[in-house]
Amino acid sequence: MEEENKISVIKLNVGGHCYMTTWKTLNSYSSLAQNIANGTVGEISTDKCKNDDPELENNGTTPYLSCFINRNGKLFRYILNYMRNEELILPDNFKEYKALFEEALFFNLKDLSTKIQQKHLCTFPHVYKTLENGERRSGYITLSYRVAFTSMPQSFVEGGFRKLNRISVCGKVCLCREVFQEMLNESRDPNCESEDKYTTRMFLNHCSLEHAFDRLAEKGFRLVCCNTAMPTVGTDHHSNSFEIEETRWNHQVEHVFVRD
371 MEEENKISVI KLNVGGHCYM TTWKTLNSYS SLAQNIANGT VGEISTDKCK NDDPELENNG
431 TTPYLSCFIN RNGKLFRYIL NYMRNEELIL PDNFKEYKAL FEEALFFNLK DLSTKIQQKH
491 LCTFPHVYKT LENGERRSGY ITLSYRVAFT SMPQSFVEGG FRKLNRISVC GKVCLCREVF
551 QEMLNESRDP NCESEDKYTT RMFLNHCSLE HAFDRLAEKG FRLVCCNTAM PTVGTDHHSN
611 SFEIEETRWN HQVEHVFVRD
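In structure tokens:
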């Protein structure tokens, strides 16, 4: 570690794009600097080398650490600029928000990932609300979830409780964003920049069905159908009776909503 402390400049080769910065900049995010020095993050390899540029060496320039990072070199410029001034600066026609968000997560820059999401919301506000001229997009949204009711001994007064872990959202991306806005988690479907794309991989960041129903009603959607499916449960006497009863009440439910 003493060797790195003597070297103030670091050359980063990120996916074939070269950047020069200082340890002071990286040390503002200590986890990143530490992981680069140790070569322990993702596919990072470090070469603690002396100056490999003859021209710089002849000029007596201080040696630097050379490091290769197997990530998106084109987008790393925005990562590095953020580390320098803690501001997210993007061009007006920037569209690779999802890819940049993944890079921010890789480098463990949580504040940056939050700013990217906020910037995306401000850049495409029409995605999150109805059209300004009053015209509404028509289409379907399906809520899908697996739910169970816990079984309890008959000696208990309260018989059971609904157990629901996740509410999945299926439909056109623009409609899902318009209706659920900040409730919508898109982390499982990172390639949904197109508004006309359909998705089955988004889900809500809460497990309240009634809250989701209220939001759909507010946006003019109505329920057109619903269905449920339950698994077939055997009667293995050697199995735990509580587990059998728990599985017996486990079922998959779908609610389909439409706005004309």
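In terms of the working numbering, the sequence shown has 429 at position 59, counting the first letter as 1, and numbering is strictly consecutive.
Cβ coordinates follow ideal geometry from the N, Cα and C atoms, glycine included.
Values in this document were obtained by computation on a predicted structure and should not be read as measured data.
Pairwise C-beta distances place the segment 478 to 491 out of contact with the segment 582 to 598, as fewer than three of them are shorter than 8 Å.
If you compare the alpha carbons of A582, G385, C437 with that of V549, the shortest gap goes to A582. Residue environment: L534 is assigned as exposed (fewer than 16 neighbouring CB atoms within 10 Å of its CB, all protein chains considered). Cβ-Cβ separation between M553 and L586: approximately 11 Å, too far for a contact (criterion under 8 Å). For the options Y389, V384, R516, R571, the alpha carbon positioned closest to that of V539 is the one of R571. Between the alpha carbons of F446 and L579 lies a gap of roughly 40 Å. For I380, the closest C-alpha among the options S436, E556, S557 is that of S436. By the Cβ neighbour-count rule, C388 is exposed, with fewer than 16 other Cβ atoms within 10 Å of its own.
For K444, the three-state secondary structure derived from DSSP is helix. Burial of L513 is indicated by the presence of at least 16 other C-beta atoms within 10 angstroms of its C-beta.
F464 and N620 have their C-alpha atoms spaced approximately 45 Å apart.
V384 has H387, I439 as its beta-bridge partners, per DSSP. The Cβ-Cβ distance between T569 and C546 falls below 8 Å. Note on geometry: alpha-carbon atoms of Q551 and K589 lie some 12 Å from one another.
Ranking R629, E466, R454 by CA distance to the CA of K444 puts E466 first. Exposure of E457 is indicated by the presence of fewer than 16 other C-beta atoms within 10 angstroms of its C-beta. It is roughly 43 Å from the alpha-carbon of S564 to the alpha-carbon of S378. With a threshold of 16 other beta carbon atoms within 10 Å, H576 falls short and is exposed.
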